[in-house]
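Heads up, the numbering used here is the position in the sequence shown plus 353, with the first residue counted as 1.
Cβ coordinates follow ideal geometry from the N, Cα and C atoms, glycine included.
A quick write-up on the structure given underneath.
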Amino acid sequence: MAQVKFTALLTTALFLIAAGTVSNGWQMYFMAAVILSLPAASYLVGRLTLRGLRARRELPSPAWAGDVVPFRLTVTAEGRWPRMFMQVTDDLPKWLRRAEDIEPTLDFAVSGEARAEYGVETLKRGVYTLSTVSVSAADPLGLFRFKKTLAAPGELTVYPVPEEIPGLAISGAERYGFRDLPFTAARGSGVDMDGVREYVPGDPLRRMHWKTVARTGNLHVIEFEESRSQTVVVVLDTFLGGDIGTPPDSSFEYLVRTAASLAQRAVRDGACVRMVCGEPTGMDGNPGRGTEHLLSIYGALARSEARSDRRLSSVLASRLGVLHAGTTVIILTADPDPLLGEAIASYTAAGLAVIVLYADGGSWRSGRGTAPRRPEDFMIGLFRAGAEVLVMQRTANMRLMPEPVWSLADA
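And the structure:
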């Protein structure tokens with residue numbers, strides 16, 4: 354299109370020069386000179402359009418994987434000249450994608466601020482650093498297009514989405530022959546009052562402490578002395594060699610979602626939860642309860658990546674430290690480490706419950722629906738250590754479907 358406009362301007366100027374030559378009219382030469390100078394003048398105006406611009410962004414925090422979240426961008430312009438039809442392109446990192454195909458436009462009659470809002474799809478959990486946006490504009494004649502990069506720093510945390518895991522109803526009772534995770538035992542159920550805590554969905558309404566509700570405006574319930582203390586430690590293996598597949602459909606991403614799901618269920622049922630990763634994330638390791646602690650676990654999971662060059666068996670003891678009686682350890686791994694059984698034997702010998710959830714890497718290598726690939730040495734070590742074993746495969750709808758394994762014959 355710009356070439357057509359250039360051709361039209363040049364043709365018009367040549368026609369005026371020819372007409373001036375034939376008619377001996379000097380005015381024609383003047384008009385031709387004005388037309389030939391239009392591209393240069395338009396270029397200067399276009400360059401001036403992108404001067405004096407500053408940008409800042411507003412990000413939702415946190416966001417959830419798979420959601421479309423609103424991004425707000427404010428551009429401030431200095432100067433007394435108008436700026437029209439400026440297009441804004443956000444320089445998004447991998448796993449963040451614009452939800453709309455049309456780029457937002459900004460218009461300035463004079464100096465001031467203009468705002469653009471657009472949706473961004475979060476394809477994968479993580480912590481994303483955003484740094485710049487690109488602003489482009491055309492000259493008045495549409496002959497040239499100019500682009501400028503503006504600093505617009507920001508950080509977006511995307512949490513993994515927890516989900517209900519079939520077959521792991523957390524009731525503390527026998528179900529389908531498999532011992533469910535005993536999280537509900539963490540709730541105080543004695544007869545002596547221990548204090549008042551914030552209401553957790555599922556708490557009986559008869560335990561509501563109405564004086565605290567009236568004073569604070571928030572729901573609180575009476576907490577009784579616990580009949581048996583219950584702490585759940587969720588261990589996420591971050592060994593690089595165990596990460597099979599392409600995110601977000603990879604074995605490690607399945608394990609991250611499983612960790613988020615287990616933590617949510619444990620916190621909802623009142624257990625004390627501790628999140629431990631194979632390598633420190635700066636946000637894991639501290640036990641706690643309640644919604645605020647659960648969000649800190651989500652934050653640790655958002656930052657977790659399978660980057661460790663050390664297998665879990667070599668770091669498990671240092672990462673777990675001393676565990677007290679009544680602790681349940683849930684290990685999430687996709688690495689068939691034959692030494693893992695030896696690493697957990699000391700915990701089972703001390704009477705702790707250890708559950709290993711293994712994401713079968715063979716189902717990611719060979720596609721959906723393949724038979725589980727359970728290395729014999731790995732399974733033998735787990736059974737000898739007294740661990741309970743579940744195997745999870747890749748599924749067509751990416752749902753979490755762990756299945757219990759009773760013996761090598763089942764494997």
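In this structure the stretch 440-447 does not lie against the stretch 391-407, because fewer than three pairs of beta carbons, one per stretch, are closer than 8 Å.
Leaving aside the five residues that flank Y700 on each side, the residues in its chain whose CB is nearer than 7 Å to its CB run, in chain order, L676, V682 and V707. In this structure, P691 lies near F731, with their beta-carbon atoms less than 8 Å apart. Contact annotation, L710 with P640: C-beta distance approximately 20 Å; criterion of less than 8 Å not satisfied. For S666, the closest of A678, R656, F605 and D590 by C-alpha to C-alpha distance is D590. DSSP, reduced to helix, strand and coil, places P392 within a helical segment of the structure shown. Taken atom to atom, the span from the alpha-carbon of V744 to that of L685 is near 10 Å.
Runs of alpha helix (DSSP H) with 4 or more residues, each lying fully within the stretch 602-682, are found at 604-621, 643-656 and 665-673, listed in chain order. Excluding residues up to 5 positions away in sequence, A712 lie with their Cβ nearer than 6 Å to the Cβ of Y607 in the same chain. Bounds of the beta strand (DSSP E) holding A430 are V421 to A430. Counting only residues of its own chain and dropping the five nearest sequence neighbours on each side, P493 has a CB closer than 8 Å to the CB of S395, V398 and G399. By the criterion of a C-beta distance shorter than 7 Å, E431 is surrounded in its chain by G405 and S464, once the five residues flanking it on both sides are discounted. Non-local C-beta neighbours of E474 in its own chain, meaning closer than 6 Å and more than five positions away in sequence, comprise V421, R450 and A452, ordered along the chain. Apart from the 5 residues on each side of it in sequence, T680 sits with its Cβ closer than 7 Å to the Cβ of T584, V586 and L705 in its chain, given in chain order. In this structure, the CA atom of M354 is about 10 Å from the CA atom of T360. Around the CB of E411, fewer than 16 other CB atoms lie within 10 Å, so the residue is classed as exposed.
Sequence-distant partners of T429 (beyond 5 residues in either direction) whose C-beta falls short of 6 Å from its own C-beta, in its chain, are R407 and E466. C-alpha of L369 to C-alpha of A491: approximately 27 Å in a straight line.
Rounded to the nearest angstrom, the gap between the Cα atoms of T599 and M751 is 13 Å.
Membership of A702 in the alpha helix (DSSP H) is indicated by the continuous run L693 to A702. Collapsing the DSSP output to three states places A740 in coil. Short of 7 Å from the beta carbon of P519, and not among the five residues preceding or following it, lie these beta carbons of its own chain, in chain order: M754. For the stretch 446-503, the full-length beta strand (DSSP E) segments reaching 3 residues or more read 449-451, 458-461, 465-475 and 479-491 along the chain. In this structure, the CA atom of L483 is about 12 Å from the CA atom of L503. Per DSSP, the unbroken beta strand (DSSP E) holding V586 starts and ends at T584 to L589. By the 16-neighbour rule on beta-carbons within 10 angstroms, V387 is exposed. Ranked by Cα distance from L391, the options P413, L648 and L362 are led by L362.
Around the CB of R559, fewer than 16 other CB atoms lie within 10 Å, so the residue is classed as exposed. In the structure shown, R752 falls within a coil segment according to DSSP collapsed to helix, strand and coil.
Looking at the backbone, the Cα of A416 and that of V626 are separated by about 22 Å. Exposure of A670 is indicated by the presence of fewer than 16 other C-beta atoms within 10 angstroms of its C-beta. In this structure, DSSP gives Y711 an extended state, which the three-state scheme calls strand.
D596 carries a coil assignment under DSSP once its states are collapsed to helix, strand and coil. With a contact defined as Cβ atoms closer than 8 Å, G419 and V514 qualify at about 6 Å. Taking C-beta atoms as the reference points, Q617 and L572 fail to come closer than 8 Å. The residue from A393, T374, D622 and F461 with its alpha-carbon nearest to that of L496 is A393.
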